[in-house]
Amino acid sequence: MITRSPLRPGPSAGRTPGNSHPAAAPSSATALAVVFLNTQLWLLAQAVEGTLRGEGVVVCPATLLSGLCFLAAWRLWRRGQG
Amino acid sequence: MSGRPRAAPHPPAPPRWRTAFPVNWEEDRSVTRREFTSFLTLASGFLFFATGLVGAREWWRGRRPPATPAVRVARVAEVPVGGVQLFHYPTADDPCLLIHLAADRFVAYSQKCTHLSCPVVYRTTAREMHCPCHHGRFAAADGRALAGPPQRSLPRITLTRKGEEIWATGVKV
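Chains A and B, in that order, give the protein sequences. Under the numbering used here, the first residue of the first sequence is numbered 4, with each subsequent residue one higher. Under the numbering used here, the first residue of the second sequence is numbered 40, with each subsequent residue one higher.
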């Protein structure tokens with residue numbers, strides 16, 4: 004996906020031939036959110052596998068960690084809005 | 040002077056990269072970082088919710104341990120030696136296999152593989168339970184894991200013979 008900030012650098016920075024759009028450059032907040040999302044995906048997979056395996060002890064910590072990741076992502080989003 | 044109109048000059052041929060990648064940048068919808076981060080946050084919330092659902096389901100199941108009533112499984116004559124009968128115990132969501140190993144020797148196990156809950160099948164020639172998903176194998180005699188990813192034995196169903204009938208009376212994990 005191409006992301007573009009409205010406050011973008013100089014006129015010729017990161018342009019592709021034949022258009023006036025700056026090239027993709029993910030911000031650190033976006034990159035962090037992606038890391039959190041991947042961690043949550045992994046946690047969800049572990050929770051489902053733990054349930055199927057009959058090892059329910061995995062599920063509670065996975066849910067808590069996933070909640071922490073969500074809180075962190077939400078704070079990043081809030082900071083970006085402000 | 041001639042009255043014939045002059046032919047319009049040919050437009051220049053588009054560059055090769057434009058024909059190879061015909062993306063109209065003016066019509067292409069770009070997504071701002073803010074929008075993208077909002078989407079990521081939404082997806083993060085969804086994943087948290089999904090993990091919470093798994094946790095809630097696990098908690099709900101652990102809250103009420105299933106009762107193990109005595110249930111009639113089959114008549115002795117219905118399952119020949121080497122034969123298998125499918126039944127459900129202790130609830131309708133728990134498939135199990137009754138195996139007639141030898142004359143007067145019956146065993147029963149949960150059909151859910153202890154790796155990822157795939158249904159196991161009995162292989163008469165090898166006298167083993169086989170999981171087709173990841174090729175786990177269990178001994179039919181005692182249910183212990185022999186090979187493949189499963190680490191734990193299959194839950195064993197306690198059987199009781201009442202005359203010519205076989206009854207399931209409990210689960211040994």
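Beta carbons are placed, not taken as given, at the ideal position from N, Cα and C, and that holds for glycine.
Query: Secondary structure at Thr-153 of chain B, three-state DSSP: helix, strand or coil?; Result: coil
Query: Can you have a look at Trp-56 of chain B and say buried or exposed, based on whether 16 or more other CB atoms are within 10 angstroms of its CB?; Result: exposed
Query: What are the boundary residues of the beta strand (DSSP E) that Val-123 of chain B is part of?; Result: 123-127
Query: Can you give me, in chain order, the residues of the segment 75-91 of chain B that have a beta carbon less than 8 Å from any beta carbon in chain A?; Result: Phe-75, Thr-76, Ser-77, Leu-79, Thr-80, Ala-82, Ser-83, Gly-84, Leu-86, Phe-87, Ala-89, Thr-90 and Gly-91
Query: Take the Cβ of His-139 of chain B as the centre, count every other Cβ of all protein chains shown within 10 Å, and call the residue buried at 16 or more, exposed below.; Result: buried
Query: List the residues of chain B whose Cβ lies closer than 9 Å to the Cβ of Gly-70 of chain A, in chain order.; Result: Phe-87, Thr-90 and Gly-91
Query: Go ahead and label His-49 of chain B buried or exposed: buried means 16 or more other beta carbons lie within 10 angstroms of its beta carbon, across all protein chains shown.; Result: exposed
Query: Return helix, strand or coil for Phe-60 of chain B, following the three-state DSSP convention.; Result: coil
Query: Buried or exposed: Pro-189 of chain B, going by 16 or more other Cβ atoms within 10 Å of its Cβ?; Result: buried
Query: Can you list the residues of chain B that Ser-30 of chain A reaches, using a CB-CB cut of under 7 Å?; Result: Arg-72
Query: Go ahead and label Arg-81 of chain A buried or exposed: buried means 16 or more other beta carbons lie within 10 angstroms of its beta carbon, across all protein chains shown.; Result: exposed
Query: Does DSSP put Thr-63 of chain A in a helix, a strand or coil?; Result: Looking at the sequence shown, residue 63 of chain A is not Thr but Cys. If DSSP states are grouped into helix, strand and coil, Cys-63 of chain A belongs with the helices.
Query: Going by the CB atoms, is the gap between Cys-170 of chain B and Gly-182 of chain B shorter than 8 Å?; Result: no
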